[in-house]
Structure formats: C-alpha cells, structure tokens
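Worksheet: the structure to be examined is printed underneath.
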RNA sequence: UCCUCGGUAGCUCAAUAGGCAGAGCGGGUGGCUGUUAACCACUAGGUUGGGGGUUCGAGUCCCUCCCGAGGAGCCA
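Numbering (this note's numbering), first residue to last: 2 to 431.
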C-alpha cells in the first residue's frame, strides 16, 4: 500500500493509503474511536468504527497514547466534521512503539517548561507552523538573491578579531591563538563584493551580549547582501523589494500555517511599496509630536522603535543617522558630515528593526581616521584597508535578521520560537 | 550587568490573618455510536527549589544561595 504524507491526502481521496506518524491525540466513545495522527507535514483524524467491543483494532487503539509511533492504513474520505476536511477510515494499525507518558499534554504549559522540552515542543502544531514558515522565508530569500544574480559567498565563522569592535564576542581556542565567533559577515563580504560584484552571505552570527529581551538571541541567522558601486538609494530599494518578496512568498505558500497560527494576514497583505522613508532627524520630530523627546545623538531604544512602527502601517526605512551612534565604516553624508548613510528598516506592527546596514566608507584616508577614532587596532584591519587601495569604489549592503522577520510574519511575541533550538542568555539546553 | 516578578503533584495553578497541602489536565481502571484541548465515574500521585533563622506551629515571615520569567541597555 502506498505510503503518503498527510499534506498530500487531498490527492488521494477515496483511495486506500498508509500514513506513518505519531499519535497527537485520541478520543473514544464506545463503538467509535478517533485518533489524531501527525507526520510532520500535517494532522489527520483516523476513525475506527466497530460493532464488536472486542475488535482487534480497538484493542490496539486502547494501547496507544500520545506520541506513540505507528503506521495506519485506510481509506481517505472527505468529511466536514474532521479537522482539516479529510479523515482516514482506519482498517489497520501497526504499532511501532508505545510511547512513555509524554510530558507535553494538550493543556497549557509555561514557557520555562516548554523551553526545557524544546526537543519535544517542536512536535506541536504551532511550533511546526512557525518553523515551516521559517523554511519558506529562507527559501524566498535565497531565491530573491539568486534570481537577481547575486553570488552566495559564505564568510567564516571563526575570525581572528572583532568585525565591528562594538559588541562582545565569543572567544574560543584556535590552536595556539584565540579566535572569535563571527558577529557579522559584512567585512569579508566587502572583499567578495569587490571580487564578484554583488554577493550575499547567509549564516549564523554570535553575540555575547547579555541581552534578555523578546528580540534577542545569542545565536541568530542573518542574510547580508553587499554590492559594489551601490549607494544608499540602491540598497534602500533592494531592502524594500526583499521584504516585499518574502511576505508575498509566505502569503502564497504558507496559508495553512498562517491559519494554524491564527495570524491576521491583512496587515501583511497591506505591505506595499513604497515604504515610508524618514531621516533620523525626521523621526526625532515624529517622536516629539508623540510626546517622546529625544536629543540629537540619542539612539532609538525599543520603545521608540515600537512607537515608530505603530505610527506607520508599512515597514519604515530610516536613514542619515548621527555618525556617533553608528559603526566606524559608515559613509558620511557629503552635505552633513555629522551624519552617516546608514539604513535601518523597522517592521510594522511594533516589531522593530529587522534590517540594518548602509553605505560603506570607500576613502582610505577617512577609513583610517575612523579606525583610529574608534580605538581599533589598525593592523587587524590591514586586509580591509587593502580594499580601499586597489580600485576602491562606493559600496553598500545590509543585514536582515531571519528570526525577527519570522517573528513579525508569524505574529509571535518572542523570537525564541522562530528557530528550532534558540540560544538564550541563561539557556543553552537542549 | 541592572530593575521587577516568580519557584507547591508529571504539567497549569489554588491554599483566607502563620494552624490537617487541594483542583483541573496528564497517568491507571471502568462507561458511552461522530468526537473536536470530547465527556462521566473511580483511583494513584507531595521532603512546597537548596541551606539557615523566628515560632508551640512555616507553603506562608526573615536572611542567604540556586534556578527561571518579564523588561532595560546593546543590537539583526
């Protein structure tokens, strides 16, 4: 008999099939019994009916408990009463294993308990939906860049020194010297962009910051495009197109998952070009209107980000930040040398920053000055400075945080649920 | 690192003012012809996070340590 995945059941209406999976839940009522089976691709109800109380199928059914593994065979039937619209009229059950008493019951649990059991929590329907949307987001991102001729250039995870010198790094042994886990692929990508024109890297990044908020992970995934000859306006457009494309793809291909999450898709469907574009100083004005006074040079904190993204229904592009609050490699504005051509994109619905980037300094002398001002050891940046010696060109890029993007699309409060095994402050198990 | 809150059955929580530690879910047993986190009955299940103190008596009050959650700073 044909082994079929639950997501493909509609193609097999009125056929006899085999499903291989796990018991999600069961109910019984005398001569009729129901079994909810999951196989990773979906959930389906199995129905067993018998006049005989001692039916061998009933005996097997009674032995089953939550998460027991099994094969079932039976006919696929359309039935409005069944969750998902289809059910299987079960004619045969092969039990693979009777599970031990499963800790995650169909009732409510606390976050701490669920995180401790993350390896099992992944089996539940909402977690399944979030992570299936994550895979679609990642696929969409890769297609977006691949289709536009970007070259995938993976950057190293073990690095000899700080990339940006701002955030704390994880230190590890590298034979007889120290190495640090990458916190960004950007600097290396500036090198590959000079070799390949337009590139992107996609990988994990590590921040040893003791951040403990719903928007932070210690280990997270980021996609970082970098384009030679591109200026701020070019990546503004690119970031807009990228965000739109990701949303379109999820809306198109992950309807069921969005339904499981009870995600209201209207705000996502409403995301359209052009996104509102503001400068840092214009945002300060908006803040003042809303009664939040900030001085020039103050960075936006979580409350400001939340406020901005609530004022606009669209994601918001913010540019032209004070040089002081941005990284050393940011290109200054010709007209306003105290400002840099940085770019942040804040997701709507209060989700805050998902993209950070900007135009990089391409002038050797200026870059050297900035390295000095930031008290960074110039010799560590020798190769980086080389890029400004041999045919230096203006170039720009940005990073998009995968987990924050998924959290926004799924309308999940905390980003820890958007990665299979989140690394958090005070939690590295399982 | 700082601020706030919490730790009681496998899980989620309750326990008036310091006075016999309880419920629902899950487990077990039995019942029910279409259930939707099914339902009904019965049943087992506890060193109240660790240590110390106050008290005739501590889940409850005090000290301390451990663990976790929410948030801040920083950032994607």
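C-beta atoms are modelled at their ideal positions from N, C-alpha and C, and glycine is treated no differently. Note that the coordinates shown come from a computational prediction; the quantities given were computed from them, not determined experimentally.
Counterpart residues of residue i in DSSP-defined beta bridges
| i | result |
| --- | --- |
| residue 28 | 35 |
| residue 286 | Looking at the DSSP assignment, residue 286 forms no beta bridge with any residue, so it has no partner. |
| residue 278 | 318 |
| residue 399 | 358 |
| residue 71 | 22, 96 |
| residue 45 | 38 |
| residue 77 | 89 |
| residue 425 | 428 |
| residue 17 | 76 |
| residue 50 | 33 |
| residue 4 | 19 |
Beta-carbon proximity list for residue i, same chain, < 7 Å, skipping 5 on both sides
| i | result |
| --- | --- |
| residue 179 | 172 |
| residue 167 | Because residue 167 carries a pLDDT of 47, less than 50, the predicted location of this residue cannot be relied on, and the following value inherits that uncertainty. Within the same chain, residue 167 has close Cβ partners 328. |
| residue 451 | The requested residue 451 is not part of the displayed model; the chain covers only 2 to 431. |
| residue 13 | 5, 77 |
| residue 130 | 258, 261, 262 |
| residue 133 | 255, 258 |
| residue 52 | 32 |
| residue 107 | 26 |
| residue 100 | 66, 67, 68, 69 |
| residue 416 | 215, 216, 218, 404, 405, 408 |
| residue 271 | 314 |
| residue 382 | 372 |
Close Cβ partners of residue i (< 6 Å) along its chain, the five nearest in sequence each way excluded
| i | result |
| --- | --- |
| residue 33 | 50 |
| residue 285 | 295 |
| residue 393 | 363 |
| residue 385 | 188 |
| residue 343 | 322, 327, 331, 359 |
| residue 220 | 205, 207, 424 |
| residue 420 | 404 |
| residue 3 | 18 |
| residue 73 | 20, 47, 91, 94 |
| residue 298 | 323, 325 |
| residue 199 | 151, 228 |
Residue from the options whose Cα sits closest to the Cα of residue i
| i | options | result |
| --- | --- | --- |
| residue 79 | 44, 286, 89 | 89 |
| residue 353 | 259, 338, 422, 305 | 305 |
| residue 8 | 209, 29, 193, 40 | 40 |
| residue 92 | 419, 388, 75, 222 | 75 |
| residue 317 | 224, 334, 332, 240 | 240 |
| residue 1 | 185, 188, 190, 161 | The structure shown does not extend to residue 1, since the chain is modelled only from 2 through 431, so no value can be given for it. |
| residue 395 | 235, 406, 420 | 235 |
| residue 325 | 340, 31, 334 | 340 |
| residue 185 | 45, 299, 156 | 156 |
| residue 144 | 85, 243, 217 | 243 |
| residue 1 | 405, 183, 122 | The question about residue 1 has no answer, for the chain in this structure spans 2 to 431. |
| residue 98 | 431, 64, 387 | 64 |
| residue 277 | 314, 292, 117, 10 | 314 |
| residue 345 | 281, 378, 287, 351 | 281 |
| residue 29 | 22, 61, 21, 11 | 61 |
| residue 429 | 390, 119, 11, 73 | 119 |
| residue 175 | 190, 191, 158 | 158 |
| residue 22 | 44, 365, 198 | 44 |
| residue 347 | 10, 311, 199 | 311 |
| residue 96 | 24, 109, 196 | 24 |
| residue 71 | 56, 303, 351, 19 | 19 |
| residue 87 | 38, 124, 200, 109 | 38 |
| residue 194 | 154, 233, 232 | 154 |
The ligand HEM heavy atom lying under 8 Å from the CB of residue i
| i | result |
| --- | --- |
| residue 390 | Summarising the ligand content, the structure contains no ligands, and the ligand HEM is consequently not present. |
Cβ-based neighbour list, residue i, same chain, cut-off 8 Å, excluding 5 preceding and 5 following
| i | result |
| --- | --- |
| residue 122 | 105, 115, 116, 128 |
| residue 35 | 27, 28, 29, 46, 47, 48, 49 |
| residue 264 | 410, 411, 412 |
| residue 390 | 365 |
| residue 367 | 333 |
| residue 192 | 384, 385, 388 |
* For the 8 Å Cβ check, are there 3 or more pairs between the segment 227-247 and the segment 136-153? -> yes
* At what residue ranges does the segment 140-205 contain a whole run of the alpha helix (DSSP H), taking only runs of 4 or more? -> 187-197
* Could I get the ranges of all uninterrupted beta strand (DSSP E) runs contained in the segment 205-270, with 3 residues as the minimum, in chain order? => 220-229
* To do: Report the residue ranges of all beta strand (DSSP E) runs contained in full by the segment 314-395; include only those spanning at least 3 residues, in chain order.
  => 317-323, 340-348, 353-361
* To do: Examine the Cβ distances between the segment 370-381 and the segment 205-219 and report whether three or more of them are shorter than 8 Å.
  => Cβ pair count under 8 Å is below three, so no.
* Asked: Is the segment 418-425 in contact with the segment 140-154, if contact means three or more CB pairs nearer than 8 Å?
  -> no
* Do the segment 391-409 and the segment 225-233 make contact, defined as three or more Cβ pairs closer than 8 Å? -> yes
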